[in-house]
Amino acid sequence: MVHIRRLMFEFRFVRLVSCWAVLFAVLPLAHEPASASAFELVVYSGRKESAIKPVVELFERETGIKVALKVGKTSGLANEILHERQRPRADIFIATEAGVCEILAKEGVLEAYASAGARAIPVEHKSARGLWTGISGRARVIIYNKNLVKSDDIPSSVLDLTDAKWKGKIAIAGTRERTTLAWLSALVGTMGEAKAKAYIDTLLENGMKVLPDNSDVWRGVGSGEFAVGLTNSPNYHLALEANLPVGVVYPDQGPREMGVLINPNAVAIVKGAKNLDQAKRFADFLLSKPAQELLVKHAFEIPLLPGIDPGPVKPLSGFKALQINQERLADLEERTLSLFPGL
Amino acid sequence: MVSSDAQHAELGGLGALWRSQRMGSGPTAVAGAVLIILLTASPLAALVISVFTGGVKAVSILADSSILWLIARTMLLAALATLWAMILGLPPAWILTRTDLPGRRMLLAVAVLPLAIPPYIGAFTYITLLGPVGWVNGAYQAMGGSGPIVNIYGLWGGVFVLGLFTYPYILLMAGSALKGSDPALEEAARAVGLGPIDAFRRVTLPLLRPSLLAGGLLVFLYALSDFGAVSLLRVTTFTTEIFHQLNTRFDQQNAAVLSTVLILITAMVLIAQRGSLGRRSFVQRRSGVRPPTIYPLGRWKVPALCCTYIVLGGSVFLPVTLLFYQTGSTTSLLHTLITGHQFLWNSLWTATVAATAASGLGLFVAYLAQRRRGLAGVFVVSATQLGYAVPGTVLGLSLILLYNAYLPWVYGTAAMVILGYLLRFLPQAVQSSTAALVQVDSNLEEAARSLGRSIWQALREVIFPLIRPGIAGGWMLVFISSMKELAATLLLRPAGFDTLPVRIWIASIEVDYAGAAATSLILIAITALPLFLITRRDATLSRLD
Numbered sequence: 257m258v259h260i261r262r263l264m265f266e267f268r269f270v271r272l273v274s275c276w277a278v279l280f281a282v283l284p285l286a287h288e289p290a291s292a293s294a295f296e297l298v299v300y301s302g303r304k305e306s307a308i309k310p311v312v313e314l315f316e317r318e319t320g321i322k323v324a325l326k327v328g329k330t331s332g333l334a335n336e337i338l339h340e341r342q343r344p345r346a347d348i349f350i351a352t353e354a355g356v357c358e359i360l361a362k363e364g365v366l367e368a369y370a371s372a373g374a375r376a377i378p379v380e381h382k383s384a385r386g387l388w389t390g391i392s393g394r395a396r397v398i399i400y401n402k403n404l405v406k407s408d409d410i411p412s413s414v415l416d417l418t419d420a421k422w423k424g425k426i427a428i429a430g431t432r433e434r435t436t437l438a439w440l441s442a443l444v445g446t447m448g449e450a451k452a453k454a455y456i457d458t459l460l461e462n463g464m465k466v467l468p469d470n471s472d473v474w475r476g477v478g479s480g481e482f483a484v485g486l487t488n489s490p491n492y493h494l495a496l497e498a499n500l501p502v503g504v505v506y507p508d509q510g511p512r513e514m515g516v517l518i519n520p521n522a523v524a525i526v527k528g529a530k531n532l533d534q535a536k537r538f539a540d541f542l543l544s545k546p547a548q549e550l551l552v553k554h555a556f557e558i559p560l561l562p563g564i565d566p567g568p569v570k571p572l573s574g575f576k577a578l579q580i581n582q583e584r585l586a587d588l589e590e591r592t593l594s595l596f597p598g599l
Numbered sequence: 059m060v061s062s063d064a065q066h067a068e069l070g071g072l073g074a075l076w077r078s079q080r081m082g083s084g085p086t087a088v089a090g091a092v093l094i095i096l097l098t099a100s101p102l103a104a105l106v107i108s109v110f111t112g113g114v115k116a117v118s119i120l121a122d123s124s125i126l127w128l129i130a131r132t133m134l135l136a137a138l139a140t141l142w143a144m145i146l147g148l149p150p151a152w153i154l155t156r157t158d159l160p161g162r163r164m165l166l167a168v169a170v171l172p173l174a175i176p177p178y179i180g181a182f183t184y185i186t187l188l189g190p191v192g193w194v195n196g197a198y199q200a201m202g203g204s205g206p207i208v209n210i211y212g213l214w215g216g217v218f219v220l221g222l223f224t225y226p227y228i229l230l231m232a233g234s235a236l237k238g239s240d241p242a243l244e245e246a247a248r249a250v251g252l253g254p255i256d257a258f259r260r261v262t263l264p265l266l267r268p269s270l271l272a273g274g275l276l277v278f279l280y281a282l283s284d285f286g287a288v289s290l291l292r293v294t295t296f297t298t299e300i301f302h303q304l305n306t307r308f309d310q311q312n313a314a315v316l317s318t319v320l321i322l323i324t325a326m327v328l329i330a331q332r333g334s335l336g337r338r339s340f341v342q343r344r345s346g347v348r349p350p351t352i353y354p355l356g357r358w359k360v361p362a363l364c365c366t367y368i369v370l371g372g373s374v375f376l377p378v379t380l381l382f383y384q385t386g387s388t389t390s391l392l393h394t395l396i397t398g399h400q401f402l403w404n405s406l407w408t409a410t411v412a413a414t415a416a417s418g419l420g421l422f423v424a425y426l427a428q429r430r431r432g433l434a435g436v437f438v439v440s441a442t443q444l445g446y447a448v449p450g451t452v453l454g455l456s457l458i459l460l461y462n463a464y465l466p467w468v469y470g471t472a473a474m475v476i477l478g479y480l481l482r483f484l485p486q487a488v489q490s491s492t493a494a495l496v497q498v499d500s501n502l503e504e505a506a507r508s509l510g511r512s513i514w515q516a517l518r519e520v521i522f523p524l525i526r527p528g529i530a531g532g533w534m535l536v537f538i539s540s541m542k543e544l545a546a547t548l549l550l551r552p553a554g555f556d557t558l559p560v561r562i563w564i565a566s567i568e569v570d571y572a573g574a575a576a577t578s579l580i581l582i583a584i585t586a587l588p589l590f591l592i593t594r595r596d597a598t599l600s601r602l603d
């Protein structure tokens, strides 16, 4: 009896396993091979999928070029491009921060291309050698929780945050977020090493909490875990969209104050790209009006080109920007990292 | 007459032994061993070479005093997580295999389900609950308390979450040892007057030692190489520091040096474990041993049930409920399933291929090491064990470097993802096959060979039927781990080829929590189903025995 039951069981199990095996032998055939060779343009994007995918789809519709999109974190994709340099796989790299493009440019893995559409982009938001071009911008702002910060207490300068009343209430993303690193480098560049170091050390003594990334900052401030946060302007709009009680400050706007740092998102063509012509068309397309409007609207970015509707976002002309170019920031980077090991 | 027969068999056995030694170094074995060593050791070699080409400057990071702190912290995390996993895993293992708890077979099948929940998802749910502005603190403050009373972030949170989602390794290993141990030993202990607790402490626990060590090793090595959960919980460990060196500083040299240190630590742990096992002989599971004594719980029934349900609640029911809540509605779950079916297939077939390949290779490696106790076996096993040590990110980057340069037609295809799974999780298959083979007396094989069977026939007709449960278990482990793998997949996936964990990751950076929760549920369900079935089957079969 036991023997028969066991046999029955074995039989059922074998049948289950063979169904499974057959299913998976057939499945890969049913789908197209996922090789990148079936595509005519390979894009590595550090920009979020929700922000870049509509643009890519529009490009595919308009040109008929089939795009393979790989979405990741900007630094991770940059590392991939560095590791693939012997046999490049990506044609286009879209970065959320231009400093990464400068690093890749120094390593010699980018191809120069000056798109006609880039002429109107301000010089500080594109590479002098045409190795990358800004496609939109983010301002380095202060966000605050409206329930925790009274209107009289709203800081107007980043320097105000050293005040004891902010003790333990400030959040910032660590240098793992490259926009933080760029901001620190900008401080070193404008204030000088000693002053910048003293300022950041005071903030850390004041209990500034260093978080892994920017989404932790805006969620932390939005939820009331922190009163204020140093982060990028789109995050303010994301927090608003999530119905969180946040306000924003574009700090240091006084005539003698340094202004707000702008981090451009950038597009670059990878050196040795297999689909160079399509890549150039894509770079041109990103700077065209329809693409720009999609890019800006979906992600609350600041347009860098004139004539693009900024929507709810404060345009470039709406605030005083900190004047420093990306090459200088990239040069300061190594020094900045060694100055602020705690970040 | 009888004695001459025995002598004969012994001589035949010796002959077979001699032949099997010769066979072991036959061309198939050599080719296979070389292939496996090439496959597994090449990323490692690439890593070490890049350290040495850096010269003295490369190792300057080791002179930094903070590295000792990093080592200490990472080891502490791994050790505490292992301890916590044992605390969580051992009592249910005993209760579910050795007592008359109602519904214990079903509970056992549920208790292994945390293996289907990736710790990064577990970390995420516990941040929602126990974070500084999580539900618990919110409720506490609503009741008039001031300030947060719990904070999941930091070392203790890391220990809590890692232990909670890895305890099934302990449960599985200890559970199968408890089921298989000879009841005569415990009965003897009881007969000389020891109470049940003393009998457990002085007889059962020492018998459990090898399986506890094996399970503990899995947890320890998991904690050592985990990136997702620890980075979410803001714990600085080796893997997060390697990530920092790579992705902030673009310093591949420092990352390579740190990875090499991590590999050395892992190698030492593995050697220590082997040494500690090596001094004792294994308890062999023989057919014909009576099933273990089942203790009636009596008035302990309710506490035992509570204990089991608390562990299951924290590791299965609570996270899954929370994910359902975050998903919002069944329609959004269905919507995610329909729009994401491609990612589901991608995950399923790559994990299936990887698990099957790993089982085959694992069996080969285990057989080689078990039946041929030479240097070759040690080499092959050590080479496959390295998958434990190399963090997914580092493995991914080394593979890019190697395959893009030397096998460009493989690179950029889904085969790279499969290769990543295979290299990371091959040790699990080797471990399972070894554990199964150890329990098969090599005399059985020798007997078959002395009766004129070829080595393949002996394998197929005698050994394989006996070790099949072990192989199936190994297949399952690799399949589950592959389904959950994120770090290497992120790097190795061809453009346009995403898996379920990649989609969860993308949804979470897009702050689309409903989408992330829905995709997580799909991943957990798909992984849990075969796990549940195979555990149930195991339980049913052992009852039939």
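Order-wise, the sequence lines are chains A and B. For the first sequence, my numbering begins at 257 and goes up steadily by one. For the second sequence, my numbering begins at 59 and goes up steadily by one. Beta carbons: idealized from backbone N, C-alpha and C, even for Gly.
Residues of chain B whose Cβ lies closer than 7 Å to the Cβ of A:Thr431 are, in chain order, Thr306. Interface criterion not met: the Cβ of A:Lys527 is under 8 Å from no Cβ in chain B.
For the 8 Å CB-CB criterion, B:Ser317 and B:Val117 do not form a contact.
For B:Val369, the CB contacts under 6 Å within the same chain, skipping 5 residues up- and downstream, are Leu146 and Pro150 in chain order.
For B:Leu406, the uninterrupted alpha helix (DSSP H) segment begins and ends at His399 to Arg429. Between A:Val444 and A:Ala452 a beta carbon distance of about 5 Å is seen, short of the 8 Å cut, so the two are scored as contacting. With the rule of 3 Cβ pairs closer than 8 Å, the segment 414–421 of chain B does not count as touching the segment 541–559 of chain B.
Remark: C-beta atoms of A:Leu486 and A:Leu578 do not approach each other more closely than 8 Å.
The beta carbons of A:Val502 and A:Lys402 sit about 7 Å from each other, so the pair counts as a contact at 8 Å. Within chain A, the residues placing a beta-carbon under 8 Å from that of B:Asn462 are His339, Glu340, Gln342, Arg343 and Arg345, ordered along the chain. Taking 4 residues as the minimum length, the alpha helix (DSSP H) runs contained wholly in the segment 482–561 of chain A are 489–497, 532–542 and 545–555, in order along the chain. Buried is the label assigned to B:Leu270, since at least 16 other Cβ atoms lie within 10 Å of its Cβ.
For A:Arg591, the three-state secondary structure derived from DSSP is helix. Pairing A:Leu417 with A:Leu404, the inter-Cα distance amounts to about 15 Å. A:Val569 has a beta carbon lying at 8 Å or more from every beta carbon in chain B.
Along the segment 307–329 of chain A, the positions whose C-beta sits under 8 Å from a C-beta of chain B are Ala324, Leu325, Lys326, Val327, Gly328 and Lys329, read in chain order. Listed by position along chain B, the residues whose Cβ is nearer than 7 Å to that of A:Ile359 are Phe308. Assigned with DSSP and collapsed to three states, B:Asn209 falls in coil, not helix or strand. Contact annotation, A:Pro468 with A:Arg432: C-beta distance approximately 6 Å; criterion of less than 8 Å satisfied. Chain-ordered, the chain A residues with CB closer than 9 Å to the CB of B:His302 read Gly430, Thr431 and Arg432.
Across the segment 557–575 of chain B, CB contacts with chain A closer than 7 Å involve Ile564, Ile567, Glu568 and Val569, in sequence order along the chain.
Distance between B:Ala287 and A:Gly448, taken at the CA atoms: about 38 Å. A:Ser392 is bridged by DSSP to A:Asn521. Contact between the segment 386–393 of chain A and the segment 468–481 of chain A is absent: fewer than 3 CB-CB pairs across the two stretches fall below 8 Å.
When A:Glu461, A:Leu297, A:Val526 and A:Cys357 are compared, the shortest CA-CA separation from A:Thr435 is found for A:Cys357. Here B:Ser456 carries a helix assignment [DSSP, helix/strand/coil]. Of all residues in the segment 169–196 of chain B, the ones placed with a Cβ closer than 7 Å to any Cβ belonging to chain A are Pro190 and Val191, in chain order.
Straight through space, the alpha carbons of B:Ile458 and B:Tyr469 are spaced by roughly 7 Å.
Within the segment 233–284 of chain B, the runs of alpha helix (DSSP H) that reach at least 4 residues and sit entirely inside it are, in chain order, 241–249, 254–257 and 263–283. Under the three-state reduction of DSSP output, A:Val405 falls in the coil class, being neither helix nor strand. Looking at the DSSP output, A:Ser301 sits in a beta bridge with A:Val327 and A:Ile350. Note that the C-beta distance between A:Val569 and A:Leu542 is not below 8 Å.
In terms of Cα proximity to B:Asp556, the closest of B:Arg332, B:His399 and B:Thr86 is B:His399.
Each residue's CA atom was taken as its position, placing B:Leu102 and A:Asp457 some 40 Å apart.
Where B:Ala99 is concerned, the enclosing alpha helix (DSSP H) starts and stops at Pro85 to Thr111.
Its Cα nearest to that of B:Ala246, the residue B:Thr351 stands out among B:Thr351, B:Ala313 and B:Tyr280.
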